[in-house]
Every structure is written in structure tokens, then in C-alpha cells.
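A short write-up of the structure that comes next.
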Amino acid sequence: MSALPDLAQIDDATLAAVIAEASIPTLMNTLVHLTGDPAIIRGGIKVSPNVFADNHGGISPEDQQHIRDQALPLIKAFRDGGGVPASLDEDVIREMIQFMTGMQMQPEYVDFLKSELSLDDGPAFEQPALEAISPDRLKDFSVIVIGAGMSGILTAIKLKEAGIAYTVIEKNPDVGGTWFQNTYPGCRVDSPNHTYSYSFAPRDWPNYYSPQPVLLEYFQSVAKDHDIRGDIQFNTEVERAEYDSEEKRWRVTVHRDDGSTELLTANAVVSAVGQLNRPHYPEINGIGSFEGPAFHSGEWEHEHDLTGKRVIVIGTGASAFQFTPIVAEQADSVTIFQRTPPWVAPRAEYHDEIPEGEHWLLSHLLFYDVWFRFFQFWRTSEGVLASATRDEAWNESGSISQANHMLRELLTENARRIVGDEDALFSKVVPGYPPAGKRMLVDNGTWYRSLLRDNVEVVTDPITKITKTGVVTESGREFEGDVLIYGTGFQASNFMSPMQIVGRDGVEIHERWNGEPRAYMGMAYPYYPNFFSIYGPNTNLVVNGSIIFFSECQVRYILGCIAQVLTDDHRSIEPTLEAFEAHNERIDQGNLQMAWGAPHVRSWYKNASGRVTQNWPFSLREFWELTQAPDPQHFVIE
Ligand code: NAP
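Position 236 (the sequence shown) corresponds to 235 in numbering that gives the first Met the number 0; numbering is contiguous.
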């Protein structure tokens, strides 16, 4: 995206201008990497361990300038020396990782982070070795992938690379999943784009957090570049998948938009259907009686011009938080019904385009992109986990540990800085539950500022009824509106619904779950041989990370399971009940230690019985480690 010349051609003045737009911690590690000299990170300038610090890691403006001044001659020398980087030893890389995180790291973390950085020249995700399996055997084995969103595209690419036959079934007319479906105004990714991208398909993103059309185009182009579109049956929905124990094959009934149905068969099925695409409408009296336009954020009706309209919004989650500020700019009035406020974390660059200088650094200065991705990865994933973890001795309400309390203070101060604490609004926007109890939203202040607008009102009085003309609350107050928008989330804990998945004993999976969806490692299921899921039970992340990273771990693991079947002419694989139960016991205990598992926190992460069905409670490092390859002792392989 940068129109500037490459490193060999860039003149000194332009180079200085480019350096002025660098993220300083990223620049510092890049310089160590280019020169082999760690002096610059040993000079006393430290990155703050506060992951909510700015893009410069809390380094003071004077120190930032000091680094820029040092950087210019070093990069000039690198350019004039022909651009040959120094080689680094392991200890220096460890030191660089510690420098950037602002903390001491355990050794196993360093290995994990080195892999995330792809510093070992290999791919970030090593796929299972299938060379020993004959191409005929590979071709003979077929997989049906359900869904062509982020994880379905990934599965298809990896199956194709492995030489395994597959077909993808997609209900929509195009790829993209959630990015195809959610088109509401303001929709954008809330993980940094340089981590919210496939490890094998980096992109010169226009924004730090790009808007939905950019994300959709990314997934469309990755599918095209990897030539998988021809293997996708669009406008086709899986109704039922049933395991045939005799044949050891899955019989999959699909329904097409033209009304036809077909029975397909395959050796294995991978469900990659996502969790956030079936709208959840609240159970409120009178729902459906509103006479004006009424729609859900996930099914935005763009034909309605909201200019000058009185708009009612129900919900203040990640979707409403993005569309409401834009709606408020057009509408005559916006009345937001808030049941629980979200915690909002400051991210100054949330809406910013990446400046030209940083584009140049990302695409032309060796290693800058690697350290930039790592810095984003740390600040928005693993680095946040400690502050979401419970200390059993802590007994202050509204937080679960000292670190969580400090996070609470930081986020409360952020709200106070924008909203002020004189107004009743302040007490409405500061949540009572601990930070990280629900998905924390990242923002540059847009949300709070929109709530301060004269035409916006936040109502916390619970809704009792929806009428022809608006909403009535518990206190009896009536709110009239012209348009009603539901930002009320998705039927997330109803995993894989409305598909029917019937196992080898004839039991449908939802029947077996009875409201308690569970999986082994989130991916495999006793009684359902050769059936796998991505983004299944307990594989969601609240604070720590990019779901694409998680999906890459899962696809590697699922391919590992398939490799187990293909080896020695096996036909099926399923987890043992013991492994499944032990895994779930550990997950449940783990979630009870996290902010989102706290008893008084209500969210879509929990099911009706209060169990956390969605989330992985441990670190990304551990998931990465556990998903290197399936442990054959945890499976029955026939
Ligand atoms: P959500 O987080 O589940 O939020 C739903 C909102 O509706 C909550 O404020 C909820 O209140 C409220 N609500 C539900 N039923 C209600 C009722 N009966 N009366 C009043 N309020 C009610 O849904 P979402 O905003 O669509 O987000 C879902 C998930 O999608 C997010 O957590 C995130 O993972 C993902 N997402 C990501 C992005 C992004 O990457 N940029 C954007 C949007 C969504 P309570 O909190 O009290 O339940």
C-alpha cells in the first residue's frame, strides 16, 4: 500500500519520515534483529507490562525520539550495507521477547512465542506428516466440511494441501461466514488485524482493525488464491449427518435453495459452522407486535433510511456498541436499552488507518512485520489473561484479584475521562461485574462519546413489553420509536443447531447433550467417530487472542486425527469416554477460576444451567501445545 520506494532506493529524508511513524517497541526489536546488537533494548528504556498502554508500549515521547534518532543511522547503515541481517542466538531472542512483553517469561512460553513469530523459518503451524500414506489412500478418504467461513476456508485449504478429497457445504451464496452475514454499519474486527489473519496469508491491512468489507474481501481472496471455491457447494445447508456403523461412513443430507435435497457420503465430517450466526431474539412480551421496521444486527435491513428517525436499540454488546454511534449520527433520537454495561478497554488506534510510514515499515523493513504482529499478539491476547484469573483469597466485589482490580480501576478511569463522573451516565456505564466477565470491547472513545450526545438516551429500566409503537419498561414509562434494532446477540450455546448429528449408537447429539454441550478438546466426540468441530464447545476466547490462531491449532489437530485413521488402514477414530470426561472436568474447574465463570456474571458464554460452555479457560500456549498432535491413548482407533 505504500507508494514509497523499497529499502534500497529510499532516501534519507523519507526514511526519517517513515521512522517517525514506527511503533517504538517494534522498531527497537527490529533494530536488534537487523544489527545483532541488543544494546538498544538494554539501555534502560522499558516497555510497560500494561497491555492497554499505547502503540509505543507506554514509552515516553522523549525516549521515543531518542530511539528514532538512534534508528535512522542504523537503518541507513543496513540499507547501504546491502540489507543483510545479523544472525541472533537463542538468548537474544528470549531477551527481545521479554523486552517486548515487559515481563519475565517462563521458558516454555519463549518456545511458543518463537513459533508464533515463525522465527524458525518453518510455517507457524506444522501440519501432520502424511508422506508415508499413499496418494491413492489419501484420495480415497473423503471429508465433508460444513461452512465456508473463516475456519471452513482454513480446513479446506489444509485438506487440499494434504491431498485429501473434500467438499464444503455452505448455506450462504458466498464465503466469509460471519463477515458475509454481519453487514451492520460500523462492523469491524475487534482483534488487531495482524493477528486476526491466517499465519500463511499475511496482508498489508489498511487499518489496525479493519472494517467488515475489508475482512470479507480478505476471506474471499484467500479462498480464491488457494483455489478452493470450486469445491464449495453454495446455497446449500446440511440438515442431518448420520454415522453408518456398517460402512463406517457419514451420510449427510443437504438441502439446497432450489428446494432439492441430496444425500452425500464421506469418511469424515468437520463442522465449521461458527457460533455467531443464528440471531437471538429476546423473550420479551409483545415481541413481533412493533409495527415499524424491526430487525437484528446480524440481519441488518439496509433499505431503511434512519435519517431523522426515532430509533430504539436493545442491547449493548459488541454489535450494538459498533452500530449505535453511526446510527446516532443519522437518527433524530436513539434510545438504548441496556441490561448490563460492557467493559470498554482503551485502544487509541481502533479506527485509525495505518499511516504510510508504518505500511512501508511493515512491507519493506525486514522483521518489522514479525515484531509488529508479536506486539499486537501479546497486548491483545496472552498478556491479558493474568488479569482475568481469580485469586481465591480476594474478596472485594466487582473484581476477582489484585490484577483484575487494577484493570477495573484503569477501565473505570478511562470511562471517567470521557464521560465524567458528575452525570448519571457514569454510574450506568461502569459495570458491577469484574472486567473480562464478558467480552471486553476495545474502543477509541467513540462509544462513550456517542452516549453523551443530546439525541441519545441510555435506559437501564428493564423492558417489560414491546408494543406496536415502542417499548414499555418496568417503571411504566413508554418509549416510542420508528425503528427497532435488536443488538441482542446469537444463539451461541446451541452448538451446531439446527443440524442433526446422529452418532454410531443412533443418538442425536443435542439429545445426548441435553443442554450441556461438551466435546473432547472442543473438537471430537465419543459415539461420533470421524466427526470433528472447529469453534465447538469450550474453544472460544474472551480476552486472550485471535480466534484464527485457535482455528489453526484445531485444523492441525483434526488433520492429525485423520492421519491416525489413514495410517495402517484404520477406518475410524473417536475419543475415549475417560479422556472426554477428564478433559471436561478440567475445563469446568478452569472456567470457575476465570472472570467469565464468576457466579454472578451473566453472558452468552454460559448455558441455562450456568455452566461455561463456550470458553477455553487456559492459555493460548497450552492449547497450542496440546493440539500439536492427538494423543493416541485418548482415542479409540478402529
Ligand atoms: P452479545 O454480546 O450477546 O450482546 C447482546 C446484548 O443484548 C447484551 O447487551 C445483552 O444484555 C442484551 N440483551 C439480550 N437479551 C436481552 C433482553 N431480553 N433485554 C435486554 N437486553 C438484552 O451479542 P453481540 O453484541 O452480537 O456480540 C456477540 C459476540 O459476537 C461478541 O461477544 C463477539 O464475540 C462477537 N462480535 C465480534 C465483533 C467484532 O469482532 N468486531 C463484533 C460484534 C460481535 P446482557 O449483557 O445483560 O445479557
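Think of the CB as a built atom: it goes at the ideal place given N, C-alpha and C, for glycine as much as any other residue.
Methionine 593, DSSP secondary structure in three states: Strand, per DSSP.
Run the CB neighbour count on alanine 128, radius 10 Å, all protein chains shown included, and call it buried at 16 or more, exposed below. With fewer than 16 other Cβ atoms from the protein chains shown falling within 10 Å of its own Cβ, alanine 128 counts as exposed.
What does the Cβ neighbour count give for leucine 33, buried or exposed, with the cut at 16 atoms within 10 Å? Burial call: buried.
Please state whether the Cβ-Cβ distance between proline 191 and glutamine 375 is less than 7 Å. One thing to note: proline 191 has its Cβ within 7 Å of the Cβ of glutamine 375.
Is the beta carbon of tryptophan 603 within less than 6 Å of some heavy atom of the ligand NAP? Yes, the beta carbon of tryptophan 603 sits closer than 6 Å to at least one heavy atom of the ligand NAP.
Sort Ile311, Ala12 and Ser22 by Cα distance to isoleucine 353 and report the nearest one. Of Ile311, Ala12 and Ser22, the residue nearest in Cα terms is Ser22.
Taking the alpha carbon of glutamate 624 as the point to measure from, which residue in Ile39, Ala85 and Ala123 has its own alpha carbon closest? For the residues Ile39, Ala85 and Ala123, the minimum Cα distance to glutamate 624 belongs to Ala123.
For alanine 70, the first and last residue of its enclosing alpha helix (DSSP H): Here the alpha helix (DSSP H) through alanine 70 covers 60 to 79.
If you compare alpha carbons, which of Asp257, Pro292, Leu116 and Leu361 is closest to proline 205? With distances taken between CA atoms, proline 205 lies nearest to Leu361 out of Asp257, Pro292, Leu116 and Leu361.
Is the beta carbon of leucine 440 closer than 7 Å to that of valine 312? With contacts defined by Cβ atoms closer than 7 Å, valine 312 and leucine 440 do not form a contacting pair.
Who are the near neighbours of lysine 427 in its chain, counting only those whose CB is closer than 6 Å to its CB and skipping five residues on each side? Within the same chain, lysine 427 has close Cβ partners Val457 and Thr459.
Below 7 Å between beta carbons: does that hold for leucine 3 and tryptophan 359? It is a contact, given that the beta carbons lie within the stated cut-off.
Under the three-state reduction of DSSP, which class applies to proline 24: helix, strand or coil? Helix at proline 24.
To the nearest angstrom, how far is it from the Cα of isoleucine 66 to the Cα of threonine 166? If you draw a straight line from the Cα of isoleucine 66 to the Cα of threonine 166, it is about 52 Å long.
Is histidine 295 helix, strand or coil by DSSP? Collapsing the DSSP output to three states places histidine 295 in a strand.
On a CA-only basis, which of Gly307, Ala578, Gly544 and Gly175 is nearest glycine 521? Give me that one, please. Residue Ala578 is the option with its Cα nearest to glycine 521.
What is the DSSP secondary structure of arginine 389, counted as helix, strand or coil? Residue state, collapsed to three classes: coil.
Going by CA-CA distance only, name the one from Ile145, Ser141 and Thr100 that's closest to alanine 271. Distance check between alanine 271 and each of Ile145, Ser141 and Thr100 places Ile145 closest, using alpha-carbon atoms only.
On the premise that isoleucine 417 lies in contact with glycine 444, defined as a C-beta separation below 8 Å, what is that separation, rounded to the nearest angstrom? About 5 Å separates the Cβ atoms of glycine 444 and isoleucine 417, confirming a contact at the 8 Å cut-off.
What three-state label does DSSP hand isoleucine 663 in the structure shown? Shown here, the chain extends from 0 to 637; a query on residue 663 therefore has no answer.
Strand pairing of isoleucine 636, partner residues [DSSP]: DSSP lists Ile572 as partners of isoleucine 636.
Span of the beta strand (DSSP E) holding tryptophan 249? Segment 248 to 255, the beta strand (DSSP E) holding tryptophan 249.
Any non-hydrogen atom of the ligand NAP closer than 6 Å to serine 318 Cβ: Flag set: Cβ of serine 318 near the ligand NAP.
Compute every distance between the C-beta of glycine 436 and the non-hydrogen atoms of the ligand NAP, then say whether any falls below 6 Å. Glycine 436: no, Cβ never under 6 Å from the ligand NAP.
Quick one, are the C-beta atoms of threonine 315 and glutamine 337 less than 7 Å apart? With contacts defined by Cβ atoms closer than 7 Å, threonine 315 and glutamine 337 form a contacting pair.
Which residues in the same chain have their Cβ closer than 8 Å to the Cβ of lysine 159, if we skip the five residues on either side of it in sequence? The beta carbon of lysine 159 sits closer than 8 Å to the beta carbons of Tyr165, His225, Asp226, Ile227 and Asp230 from its chain, once the five residues preceding and following it are set aside; these are given in chain order.
Would leucine 275 be called buried (16 or more neighbouring beta carbons within 10 Å of its own) or exposed? Answer is buried; the Cβ neighbour count reaches 16.
Per DSSP, serine 643 is paired with what? Residue 643 lies beyond the stretch modelled for the chain, which goes from 0 to 637, so this question has no answer here.
Have a look at phenylalanine 320 and tryptophan 446 and give me their C-alpha separation to the nearest angstrom. If you draw a straight line from the Cα of phenylalanine 320 to the Cα of tryptophan 446, it comes to about 6 Å.
Using 8 Å as the cut-off, can you tell me whether the stretch 281 to 297 makes contact with the stretch 254 to 272, which would need three or more C-beta pairs spanning the two stretches below that distance? The stretch 281 to 297 makes no contact with the stretch 254 to 272, as fewer than three CB pairs between them are under 8 Å.
Helix, strand or coil at isoleucine 462 according to DSSP, with G and I counted as helix: In this structure, isoleucine 462 counts as strand in the three-state DSSP scheme.
Glycine 486 vs serine 296 beta-carbon contact at 7 Å: Serine 296 sits close to glycine 486, with the two beta carbons spaced by under 7 Å.
Taking 6 Å as the cut-off, is the CB of proline 598 close to at least one heavy atom of the ligand NAP? Flag unset: Cβ of proline 598 not near the ligand NAP.
What would DSSP say about glutamine 232, mapped onto helix, strand or coil? Glutamine 232: strand per DSSP, three-state reduction.
What do you get for glutamine 588, buried or exposed, if any count of 16 or more other CB atoms within 10 angstroms of its CB means buried? Glutamine 588 comes out exposed.
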